[in-house]
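Asker: Here's a structure for you.
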């Protein structure tokens, strides 16, 4: 058995929130001590910290099977459940922790406030804050108080949020508060102030990101698909039941998900990290992307079963299709074709400048989506997606539909009928009322999708026209 890292080293990294460094060490710890509940719990914390929710869920399950228990385990379980869309179960578990007066009660009530906010349970959030308590002394509580008071004292709430963002607190806290303020400023027409605050937040709370590495990988795939034929045959037979969205963030993907999730045969599963894990595995096997013709049948089968097992965690009972809103899929289409033949893709595209300003003003994960920190890098990634995705879908033989966001807003029935027909499903009127969807939305669009389909975000970029240079002319007038 190989010697693993020192547990104290892993736990110190986790305590400092250095999750990218902690996670691989936690994995090594579980490999050297596979019967250690503490190792698996550390692995769950590390996976959660880098946004790999299914991996965190699985590691936490293993730690519990090995005997892990207690308030910290229950808190992480509740937070993961919330992030996986099981908000009602998460809220109930967090309320139980509070009733038990657990030692981590402050963290539990902060998590509860976030779950109530995302689930749009405003009256319960108001009551939680009105009740008071020790948790209101925690710096994180100021964000929730500001969110509530924004309904009656918008100017005061914006000023409070911006002051948190520009103070010397933890980066994650400053980032959340700041982008909440950016959203309110944008809605109030204070465009310069919103843009300046977003620029400050990206500079002061962002993280290094290898944009060129992303672009190089995309170009390698473009070079392959430009040959005009698929360079591999899937080693396993096709299997229906999986739909992927293909597109960059803020291109209408959440609206599409909420619409399709209203169909009784389709279950939205959010931004599932399964396709990213699949891509990482293929890289580890040394077959990505040019060597997919060497992918062994056993490996393809294992990767598919792993993906489907994770997707089933949040699939609604009775649904025959899952809708995966991962924003990484456009970069991993050869993986979809090789491991999940039979999957259907829906490519979403929105006017480039509208997409860009929406990303720049949004709080995306500073590590996973670090390229959203500048309009220039956003422009380059949008161009890469447009060069790769449509050609890859055709060459790889992936069944797909193409939708323009602006067209979806104007003619929702036409597009729903087309997508559902592609899946062999009948039209369902409920899909035209996404605002009636009670499923918790954890993306940046969680407030917009509570409103009926509308055109309010079309042409939004013109409020920031001064921020776009001549390089954007390549996208034309859109």
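Residue numbers (this note's numbering): 26 to 503. Note that CB positions come from ideal geometry on N, CA and C, so glycine has one too.
Could you name the residues of the same chain whose beta carbon sits closer than 8 Å to that of residue 363, not counting the 5 residues immediately before and after it, in chain order?
Answerer: Excluding positions up to five away in sequence, the list reads 257, 259, 260, 307, 317, 320, 325.
Asker: Ignore the nearest five residues each way along the sequence and tell me which others in residue 441's own chain have a CB closer than 7 Å to its CB.
Answerer: Excluding positions up to five away in sequence, the list reads 284, 452, 456, 457.
Asker: What is the rounded straight-line gap between the Cα of residue 78 and the Cα of residue 277?
Answerer: Each residue's Cα considered, the two are about 23 Å apart.
Asker: Alpha carbon to alpha carbon, how far is residue 247 from residue 436?
Answerer: Roughly 32 Å separates the two Cα atoms.
Asker: Distance, Cα to Cα, residue 32 vs residue 360?
Answerer: Computed Cα separation, rounded: 35 Å.
Asker: Check each candidate in 503, 110, 133, 461 and name the one with the smallest Cα separation from residue 96.
Answerer: Among 503, 110, 133, 461, the Cα nearest to that of residue 96 belongs to 133.
Asker: Rounded to whole angstroms, how far is the Cβ of residue 102 from the Cβ of residue 118, which I believe are closer than 8 Å?
Answerer: Confirmed, about 7 Å.
Asker: Since residue 373 is in the beta strand (DSSP E), which residue starts that stretch and which ends it?
Answerer: From DSSP, the beta strand (DSSP E) with residue 373 extends over 369 to 374.
Asker: Compute the Euclidean distance between the alpha carbons of residue 504 and residue 385, then round it to the nearest angstrom.
Answerer: In the structure as shown, the chain starts at 26 and stops at 503, and residue 504 therefore has no counterpart that could be examined.
Asker: At which residues does the alpha helix (DSSP H) containing residue 270 begin and terminate?
Answerer: Counting along the chain, residue 270 falls outside any alpha helix (DSSP H), though it belongs to the beta strand (DSSP E) covering 267 to 271.
Asker: Where does residue 257 fall in DSSP's three states?
Answerer: DSSP places residue 257 in coil when its eight states are reduced to three.
Asker: Compare the C-beta of residue 197 with all C-beta atoms of chain D and state if any pair is closer than 8 Å.
Answerer: No chain D appears in the structure shown, which is made up of a single protein chain.
Asker: Which word fits residue 504, buried or exposed, when buried means at least 16 other C-beta atoms lie within 10 angstroms of its C-beta?
Answerer: Nothing can be reported for residue 504: it is not among the residues displayed for the chain, which extend from 26 to 503.
Asker: Using DSSP with H/G/I as helix, E/B as strand and the rest coil, what is residue 351?
Answerer: Looking at residue 351 - three-state DSSP - the assignment turns out to be coil, as it is neither helix nor strand.
Asker: Alpha carbon to alpha carbon, what distance is there between residue 149 and residue 155?
Answerer: Near 10 Å, if we compare the C-alpha coordinates of residue 149 and residue 155.
Asker: Can residue 378 and residue 493 be called in contact, C-beta distance under 8 Å?
Answerer: It is a contact, given that the beta carbons lie within the stated cut-off.
Asker: Do three or more CB pairs link the region 172 to 185 to the region 208 to 224 at distances below 8 Å?
Answerer: Counting Cβ pairs under 8 Å, three or more are found: they touch.
Asker: Do residue 37 and the ligand GTP come close, with the Cβ less than 7 Å from some heavy atom?
Answerer: Of ligands this structure carries none, so the ligand GTP is not represented either.
Asker: Quick one, which of 414, 419, 395 has its alpha-carbon nearest residue 234's?
Answerer: Comparing Cα positions, the closest option is 395.
Asker: Excluding the 5 residues preceding and the 5 following residue 313 in the sequence, name in chain order all residues of the same chain whose CB lies nearer than 6 Å to its CB.
Answerer: Answer for residue 313: 307, listed in chain order.
Asker: Who are the near neighbours of residue 36 in its chain, counting only those whose CB is closer than 8 Å to its CB and skipping five residues on each side?
Answerer: Taken in chain order, the residues that qualify are 67.
Asker: How is residue 157 classed by DSSP in three states: helix, strand or coil?
Answerer: Of the three classes helix, strand and coil, the one that applies to residue 157 here is coil, per DSSP.
Asker: Residue 302 and residue 80: beta carbons closer than 8 Å?
Answerer: Going by C-beta atoms, residue 302 is nearer than 8 Å to residue 80.
Asker: Measure the Cβ-Cβ separation of residue 305 and residue 348 and say whether it is below 8 Å.
Answerer: Not in contact: residue 305 and residue 348 (Cβ atoms no closer than 8 Å).
Asker: Between the region 136 to 150 and the region 107 to 114, do at least 3 Cβ pairs fall closer than 8 Å?
Answerer: The answer is yes - the region 107 to 114 touches the region 136 to 150, with three or more Cβ pairs under 8 Å.
Asker: Any idea if residue 462 is buried or exposed, counting beta-carbon neighbours within 10 angstroms, 16 or more meaning buried?
Answerer: Its Cβ being crowded by 16 or more others within 10 Å, residue 462 is buried.
Asker: Quick one: Cα of residue 487 to Cα of residue 323, how far?
Answerer: Spanning the two alpha carbons is a distance of roughly 52 Å.
Asker: Runs of 4 residues minimum, wholly inside the region 151 to 230: which ones carry the alpha helix (DSSP H) assignment?
Answerer: Runs of the alpha helix (DSSP H) inside the region 151 to 230: 166 to 174, 179 to 190, 196 to 212, 216 to 230.
Asker: Kindly indicate the opening and closing residues of the beta strand (DSSP E) around residue 107.
Answerer: Unbroken run through residue 107 is the alpha helix (DSSP H), 96 to 108; no beta strand (DSSP E).
Asker: Using CA atoms only, rank isn't needed, just tell me which of 433, 91, 408, 239 is closest to residue 499.
Answerer: Checked all of 433, 91, 408, 239; the closest Cα to residue 499 is 408.
Asker: Identify the continuous alpha helix (DSSP H) that holds residue 282 and give its terminal residues.
Answerer: Looking at the DSSP string, the run of the alpha helix (DSSP H) that includes residue 282 is 278 to 285.
Asker: Pairing CB atoms from the region 369 to 378 with CB atoms from the region 422 to 429, are three or more of them under 8 Å?
Answerer: Short answer: they touch.
Asker: Look at the alpha carbon of residue 412 and the alpha carbon of residue 358, and state the distance between them as a whole number of angstroms.
Answerer: For residue 412 and residue 358, the distance between alpha carbons rounds to 13 Å.
Asker: Where does residue 416 sit, in a helix, a strand or coil, going by DSSP?
Answerer: Reduced to three states, the DSSP call for residue 416 is helix.
Asker: Using a threshold of 8 Å, state whether the C-beta atoms of residue 135 and residue 160 are closer than that.
Answerer: Yes.
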